[in-house]
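Below: one structure, written as structure tokens.
2 protein chains.
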Amino acid sequence: MTTTTRIVLAERPVGEPKDSDFRVETVDLPEPGPGEALLETLYLSLDPYMRGRMSAAKSYAKPVEIGQAMVGATVSRVLESTDDTVAVGDVVLGYGGWQTHSVESTSYLRVLNPDALPVTTALGVLGMPGFTAYAGMHNIGQPKAGETVVVAAATGPVGSMVGQLARLAGARAVGIAGGAAKVAMLTDEFGFDAAIDHRADDFAEQLAAATPDGIDVYFENVGGKVFDTVLPRMNLYGRIPVCGLVSGYNATALPDGPDRMGMLMGRILTSSLLVRGFIQSEFAPTQMATFLSDIGTAVANGSIRYREDIVDGFDQTIDAFRGLLTGRNVGKLIVRVAG
Amino acid sequence: MTTTTRIVLAERPVGEPKDSDFRVETVDLPEPGPGEALLETLYLSLDPYMRGRMSAAKSYAKPVEIGQAMVGATVSRVLESTDDTVAVGDVVLGYGGWQTHSVESTSYLRVLNPDALPVTTALGVLGMPGFTAYAGMHNIGQPKAGETVVVAAATGPVGSMVGQLARLAGARAVGIAGGAAKVAMLTDEFGFDAAIDHRADDFAEQLAAATPDGIDVYFENVGGKVFDTVLPRMNLYGRIPVCGLVSGYNATALPDGPDRMGMLMGRILTSSLLVRGFIQSEFAPTQMATFLSDIGTAVANGSIRYREDIVDGFDQTIDAFRGLLTGRNVGKLIVRVAG
């Protein structure tokens, strides 16, 4: 009998998740049944959307129940397989969640090739975050040569891909990040045309200077102050793919007024803006294969770059997740669990 | 020398337009130059967008300047023509504005056939309002059979077309209007599946009962309380074409808080909503001809119905316009100026 050590939701967090909102427990795993595999987690992914799963509010996916293990993508090694689609020793992308071992349906697993690229890329640049950027730009943002694309959290796995895809389309890429080190990374490492620190007192003036022709695409993944500053600069027929609003994920109440909801609708009307929320899973069935092929090649040959922030040790998971919500990580946040 | 009596903007209205915001004046018109025609206004169109033109706020079109005549579509008779595209006696659709006579470029004029349909239809069901509904549904709303479409101001020329196009697509059409007479008209005259009075105390409950499967398309032309009530009922992948926000056009300040702008973005995200502002002129170059042909046939054979509210006398223009912003009219509001 194999056991797993897992982090379960003990209470729904109010505001920033506290240690006491979780419980670490070690339990027996069932034997893998037909079509299942027993996996050892090597790396687990931490992503902003997980904050939503901790909440009972209506969202695009069911919340994690109290007492259930937190969900999430994992890179794991196959310990036992009942099925010839994965073999013992294979390294696979799965959805094991915040735990050291898991039993999963083999139909959800994708075998990775550790000789091609680091297997952690399946959680970031070549995983859900990278595909989120790709799907949002391909289907909604659709930048044209000469246009201006703005993205926040731009050193993250979504934002850095957005900027690089904008550049590949011939658009001007403007990245927003917090702190001098991240800002420098945007131009030096990811090739953004301009980079701005959202913590700067003159953030609005810097954004105006960096977007002299206005903004055609704002890829929304943070919300809050950045959105407030971007909105007045959106051009006629601007597009706003909305894949996340991380700045508000810990919010416990609506901000004080005045109520700007009607103002936003007014801006959408007067500038013929397109605002479209999306989750990458909408586009994965039809576009993931092309993404993996095209972007996989670009990552392998270095024409698309990425950065990972790998935290060592399963016991660091909760604290690392808190840091993700406040921008402490630099690049795609991953916890090394084993291997 | 021909004179025109015209209504010019004397001051920018604050809140509801007052008589003193306008000035009626009679001035000489220039002789029509090459490519121009002298026109006598038969009917002038009153439309909600005109409130925006009275304001200096940034919008999709330049504001009317102080001292300039109010703009707008007109059906006119040709008194003099310098050009063989229009002949003396022709009845034409033009853009003469709030005045009794005008000199216009013939390139903007469309000759109407008074024997086919009433010429006033060129201002409503077969004009800008009807095409607004058509373009928004065709390009953004895209209702599918079995889906639910909701529209407010539903006895108006945009809303009544939205409902009828929804029905033609096999969707369930739910109309919102103010007052029992208008509500009855929605089902009896325009064929809506359900109709609701937004003034009812239990408006939210009525809307829920009328949309048991949620809302797939909300055609936004009013904003305010209706939008607040519709938003929580939007389905996954719902579409919101935004062509107007008439309920807020007289507003002088943002409403009191809390600030729901982030909440709206959150709803867009979690339900993968599409919100798209548009002005019909974006689509007119490519789709107006098809609209005039297809919808013209449908109006002529009675499969699409329309209602007009024709006010008699140029001196009624300002008061009629005020009524438009508060829903006093029933159907497309037109002022009969002559003829």
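From first to last, the protein sequence lines stand for chains X and D. Residue 6 is where the first sequence starts when you use our numbering, and the numbers rise one by one after that. Residue 6 is where the second sequence starts when you use our numbering, and the numbers rise one by one after that. All residues carry an ideal CB built from backbone N, CA and C; glycine is no exception. Please read all numbers here as calculations on a predicted model, not as lab measurements.
Residue i and residue j: beta carbons closer than 9 Å?
i      : j      : result
X/L239 : D/R265 : In the sequence on display, residue 239 of chain X carries Met and not Leu. Their beta carbons are not under 9 Å apart, which means X/M239 does not touch D/R265 by this criterion.
X/G175 : X/A140 : no
D/P123 : D/V163 : no
X/I71  : X/E30  : no
X/G168 : X/F195 : yes
D/G180 : D/A209 : no
D/T46  : D/A325 : no
D/L279 : X/L279 : yes
D/I300 : D/L131 : yes
D/T87  : D/S112 : no
X/G77  : X/P68  : no
X/D218 : X/R177 : yes
X/A158 : X/A182 : yes
X/V227 : X/V188 : no
X/Q147 : X/R11  : no
D/A138 : D/M166 : yes
X/L329 : X/D52  : yes
D/P362 : X/P263 : The structure shown does not extend to residue 362 of chain D, since chain D is modelled only from 6 through 344, so no value can be given for it.
X/S50  : X/I284 : no
D/V108 : D/P37  : yes
D/G336 : D/T160 : yes
D/P39  : D/I323 : no
D/S276 : X/G249 : no
X/D198 : X/A215 : yes
D/L114 : D/L84  : no
D/A61  : D/A305 : no
X/L14  : X/M59  : yes
Just confirm the distance between the C-beta atoms of residue i and residue j, as a whole number of angstroms; I'd bet it's less than 8 Å.
i      : j      : result
D/T7   : D/H106 : 6 Å
D/G129 : D/Y254 : About 19 Å; that fails the 8 Å criterion.
X/R341 : X/D317 : 5 Å
D/L241 : X/L269 : Going by Cβ atoms, the distance from D/L241 to X/L269 rounds to 21 Å, so no, they are not a contact pair.
D/T79  : D/G101 : 4 Å
D/I220 : D/V155 : 5 Å
X/V394 : D/I145 : Outside the modelled stretch of chain X, which goes from 6 to 344, sits residue 394 of chain X, for which no answer is possible.
With a threshold of 8 Å, establish whether the CB of residue i neighbours any heavy atom of the ligand ADP.
i      : result
X/G102 : As far as ligands go, the structure on display features none, and thus does not contain the ligand ADP.
If you run the structure through DSSP and keep just helix, strand and coil, what is residue i?
i      : result
X/T257 : coil
X/M239 : strand
D/V227 : coil
X/V130 : coil
X/T137 : helix
X/L84  : strand
D/L330 : helix
D/V13  : strand
X/T8   : strand
X/V340 : strand
D/D233 : helix
X/V93  : coil
X/V335 : coil
Report yes or no: is there a C-beta of chain A within less than 9 Å of the C-beta of residue i?
i      : result
X/G249 : Chain labels in this structure do not include chain A; the protein chains are X and D.
Output the residue ranges of the beta strand (DSSP E) runs that lie fully inside the segment 95-119 of chain D and measure 3 residues or longer, sorted by chain position.
96-99 and 106-110
Which residues of the segment 283-299 of chain X have a Cβ closer than 9 Å to any Cβ of chain D? Give them in chain order.
F283, I284 and E287
Alpha helix (DSSP H) runs wholly inside the segment 141-225 of chain D, at least 4 long, in chain order:
162-173, 185-193 and 208-215
Quick check for students: name the residue ranges of the alpha helix (DSSP H) that lie wholly in the segment 17-81 of chain X, counting only runs of 4 or more.
54-58
Using a Cβ-Cβ cut-off of less than 7 Å, list which residues of the segment 258-280 of chain X approach chain D; keep chain order.
L259, P260, D261, G262, P263, D264, R265, M266, G267, M268, L269, M270, G271, I273, L274, T275, S276, S277, L278, L279 and V280
Between the segment 209-232 of chain X and chain D, which residues of the former have CB atoms less than 8 Å from a CB of the latter, in chain order?
E225, G228, G229 and F232
When you check each C-beta in the segment 153-174 of chain D against every C-beta of chain X, which residues fall closer than 8 Å?
none
Proximal residues, the segment 122-154 of chain X versus chain D, C-beta separation under 7 Å:
none
Closer than 7 Å, Cβ to Cβ, to anything on chain D: give me those residues from the segment 17-34 of chain X, in chain order.
none
Between the segment 181-195 of chain D and chain X, which residues of the former have a C-beta closer than 8 Å to a C-beta of the latter?
none
Curious, which full-length beta strand (DSSP E) runs of at least 3 residues does the segment 243-328 of chain X contain?
279-282 and 313-317
According to a CB-to-CB cut-off of less than 9 Å, which residues of the segment 321-336 of chain D neighbour chain X?
none
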